[in-house]
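**Student:** So for the sequence shown, my numbering puts the first residue at 46; every next one is plus one. Dropping the structure in here first, questions after.
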Amino acid sequence: MAVKLRLTRMGRKKRPFYRIVAVDSRARRDGAYLENLGYYDPLQEPAEVKINEERIL
């Protein structure tokens with residue numbers, strides 16, 4: 046099983062934020078994920094990113 050890091054879209058219409066997740070490479074964008082690694086909020090000024098670096102490495 047190949048694992049990739051992806052952004053899954055969350056939030057409501059026109060107000061997205063994204064979770065940074067580890068998923069099987071064959072899984073859908075918003076499908077089941079193996080682990081939640083952080084989030085990215087592009088609507089904050091400046092954009093807010095929080096990543097659990099211990100889990101990524």
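Note that CB positions come from ideal geometry on N, CA and C, so glycine has one too. Treat the numbers as computed from the prediction; the structure is a model and nothing was measured.
Pull up the distance between the alpha-carbon of P87 and that of V66, whole angstroms please.
**Tutor:** Translated into positions along the sequence shown, residue 87 becomes position 42. Translated into positions along the sequence shown, residue 66 becomes position 21. If you take the alpha carbons of P87 and V66, they lie about 16 angstroms apart.
**Student:** E54 lies in the beta strand (DSSP E); which residues open and close that run?
**Tutor:** Position 9 of the sequence shown holds residue 54. The residue you asked about is not Glu; residue 54 is Arg in the sequence shown. Note, R54: beta strand (DSSP E), V48 to R57.
**Student:** I96 bridges to which residues according to DSSP?
**Tutor:** Along the sequence shown, read from residue 1 onward, the residue named residue 96 stands at position 51. Bridge partners of I96: G83.
**Student:** Output the distance between the C-alpha atoms of D69 and D75, rounded to the nearest integer angstrom.
**Tutor:** Position 24 of the sequence shown, counted from the first residue, corresponds to residue 69. Position 30 of the sequence shown, counted from the first residue, corresponds to residue 75. If I take the Cα positions, the gap works out to 12 angstroms.
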